[in-house]
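Chains as they are written, first to last, in the working numbering: chain A, 25 to 216; chain B, 25 to 216.
Where is the CB? At the ideal position from N, CA and C, for every residue including glycine.
Below: one structure, written as structure tokens.
Number of protein chains: 2
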Amino acid sequence: MSRTGRRPGDSGARRAILTAARSAFAANGFHAATIRAIASDAGVDPALVHHYFGSKEDLFAESIALPFRPADAAGIIMQHGLERAGEGAVRLFMSAWESQPTRDALLALLRGALTTEHGADALREFVGTALLVRIAAAMDIEDAEVRVALAAAHLVGVAVLRYVVGIEPLRAATVEELVVLVGPRLQSYFDG
Amino acid sequence: MSRTGRRPGDSGARRAILTAARSAFAANGFHAATIRAIASDAGVDPALVHHYFGSKEDLFAESIALPFRPADAAGIIMQHGLERAGEGAVRLFMSAWESQPTRDALLALLRGALTTEHGADALREFVGTALLVRIAAAMDIEDAEVRVALAAAHLVGVAVLRYVVGIEPLRAATVEELVVLVGPRLQSYFDG
């Protein structure tokens with residue numbers, strides 16, 4: 025995550041930008057929201073938004089406290105090779121959900137997607153374009169897009185039953201237990 | 025689903041009971057909601073609720089237009105044996121979500137679970153007790169509860185990305201394509 029230019033005293037402007045960004049993405053979706061409108065809403069110059077947060081995609085990621093840059097996801101998942109990408113995907117996904125601020129932001133996103141069409145647009149456009157399409161492109165396998173989407177679906181379902189619904193065996197499981205159980209099923213999608 | 029005693033003219037009372045049931049489950053959870061309170065809210069005798077809908081569990085299932093009785097789920101999933109339960113689970117789950125009234129009710133349930141604690145209770149208590157625990161009990165495999173919960177998680181995630189978020193390759197897939205792709209991954213949970 026880009027932290028360039030962060031100084032004590034910046035935090036008010038940063039916070040105002042992140043708040044404006046969350047509203048704009050929820051109200052308009054990811055593609056239709058503009059840095060210009062977010063900057064105006066936060067009372068800062070658009071250049072400052074780019075200076076603090078880089079691209080719109082990185083701004084979205086920071087607005088939900090994602091603990092990695094979207095552009096880095098594929099590399100992190102495959103850091104031990106495609107043959108261990110199942111395990112890598114579980115670990116990366118859980119690293120986001122196990123952090124309380126990120127989890128709260130992800131739950132708010134999901135609530136938004138269930139409540140308004142633009143909320144669904146935001147999640148689809150961000151998850152689809154910034155994450156899944158890119159991860160699929162980095163994997164040299166047939167039908168990569170649908171396989172990566174199904175692996176993502178499995179992880180999303182684990183999050184819903186573990187953190188939202190609270191189904192007992194998933195609520196109680198450790199991350200390592202989930203890696204051992206879910207990893208091989210994701211791997212079987214990536215093995216083709 | 026029990027249709028005993030249904031006659032023309034019953035539909036007003038039936039509808040009132042289902043509406044009262046939906047509110048009661050959302051407001052109190054599944055266990056804490058009582059047939060007595062639902063009947064009182066609907067302005068009918070509790071005996072009529074039992075007469076129309078059978079058990080509280082069947083009432084819950086009808087209140088979300090579930091196209092099967094919860095007690096029948098395990099049998100339906102394993103109608104071609106445990107070795108084809110993966111395929112059976114995808115088909116049964118998709119039969120519910122592909123029906124528009126059921127899908128709307130399931131999305132309302134999920135929204136309730138994300139919005140209030142009692143909404144989450146209702147979903148957990150119903151899905152956990154009426155469905156997952158029973159399906160796990162019917163499967164003669166080790167760690168059945170966590171494996172069935174993870175298979176359910178995979179399916180829930182497919183529903184979220186297909187129907188809520190609208191991720192393209194999952195939105196466009198046919199049920200048969202999902203059976204072919206997802207079935208084997210669920211099967212590998214059931215194979216232990």
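Chain B residues whose Cβ lies nearer than 7 Å to that of residue i
| i | result |
| --- | --- |
| Glu192(A) | Gly152 |
| Leu131(A) | Leu138 |
| Arg148(A) | Val189, Gly190 and Ile191 |
| Gly78(A) | Within chain B, no residue comes near Gly78(A); the closest Cβ sits about 25 Å away, beyond 7 Å. |
Cutoff 7 Å: residue i Cβ touching any chain A Cβ
| i | result |
| --- | --- |
| Ala144(B) | yes |
| Leu138(B) | yes |
| Gly53(B) | no |
| Gly110(B) | no |
| Leu90(B) | no |
| Gly105(B) | no |
| Arg209(B) | yes |
| Arg204(B) | A small fix is needed here, since residue 204(B) is Val in this sequence, not Arg. Not one chain A Cβ lies under 7 Å of Val204(B). |
| Ala173(B) | yes |
| Val184(B) | yes |
Min CB distance residue i to chain B below 7 Å
| i | result |
| --- | --- |
| Arg195(A) | no |
| Leu155(A) | no |
| Arg115(A) | no |
| Val199(A) | no |
| Leu72(A) | no |
| His75(A) | no |
| Val68(A) | no |
Neighbour list for residue i in chain A, Cβ cutoff strictly below 7 Å
| i | result |
| --- | --- |
| Glu169(B) | Pro193 |
Contact check, residue i vs residue j, beta carbons under 7 Å
| i | j | result |
| --- | --- | --- |
| Val189(B) | Ala44(A) | no |
| Phe77(A) | Glu149(A) | no |
| Leu83(B) | Ile100(B) | no |
| Met118(B) | Ala109(B) | no |
| Leu202(B) | Val114(B) | yes |
| Val156(B) | Val172(B) | First, the residue type needs correcting, since residue 156(B) is Leu and not Val in the sequence shown. Contact: yes. |
| Glu81(A) | Ala154(A) | yes |
| Leu210(B) | Ala175(B) | yes |
| Ala89(B) | Ala129(B) | yes |
| Ala51(A) | His142(A) | yes |
| Ala120(B) | Ala162(B) | no |
| Ile59(B) | Val68(B) | no |
| Gly105(B) | Glu166(B) | no |
| Ile191(A) | Gly36(B) | no |
Closest residue to residue i among the options (Cα-Cα distance)
| i | options | result |
| --- | --- | --- |
| Ala63(B) | Asp215(B), Arg38(B), Arg171(B) and Leu130(B) | Arg38(B) |
| Glu86(A) | Ile41(A), Glu122(A), Gly67(A) and Asp34(A) | Ile41(A) |
| Val184(A) | Ser212(A), Leu133(A), Asp69(A) and Ala160(A) | Leu133(A) |
| Ala95(B) | Arg209(B), His75(B) and Ala160(B) | Ala160(B) |
| Ala56(B) | Ala144(B), Glu122(B) and Gln124(B) | Ala144(B) |
| Glu200(B) | Thr140(B), Thr58(B) and Gly112(B) | Gly112(B) |
| Arg46(A) | His104(A), Ala98(A) and Thr126(A) | Thr126(A) |
| Arg186(B) | Ser79(B), Glu122(B), Ala71(B) and Arg93(B) | Glu122(B) |
| Val204(B) | Arg93(A), Pro208(A), Tyr213(A) and Arg135(A) | Tyr213(A) |
| Ala197(B) | Pro208(A), Asp34(A), Glu169(A) and Leu179(A) | Glu169(A) |
| Pro208(B) | Val180(B), Glu107(B) and Arg135(B) | Glu107(B) |
| Pro91(A) | Pro70(A), Ser79(A), Arg158(A) and Gln124(A) | Gln124(A) |
Contact list for residue i against chain A, beta-carbon separation under 8 Å
| i | result |
| --- | --- |
| Arg135(B) | Arg135, Leu138 and Thr139 |
| Ser212(B) | Pro208, Arg209 and Ser212 |
Residue i: contacting residues in chain B (beta-carbon distance under 8 Å)
| i | result |
| --- | --- |
| Leu179(A) | Gly181 |
| Ala176(A) | Gly181, Leu185 and Ile191 |
Within the region 59-136 of chain A, ranges of the alpha helix (DSSP H) (whole runs, at least 4 residues) = 59-66, 70-77, 80-87, 97-101 and 109-121
Quick one: complete alpha helix (DSSP H) runs, 4+ long, within the region 134-197 of chain A?
-> 141-149, 157-162, 168-183 and 192-196
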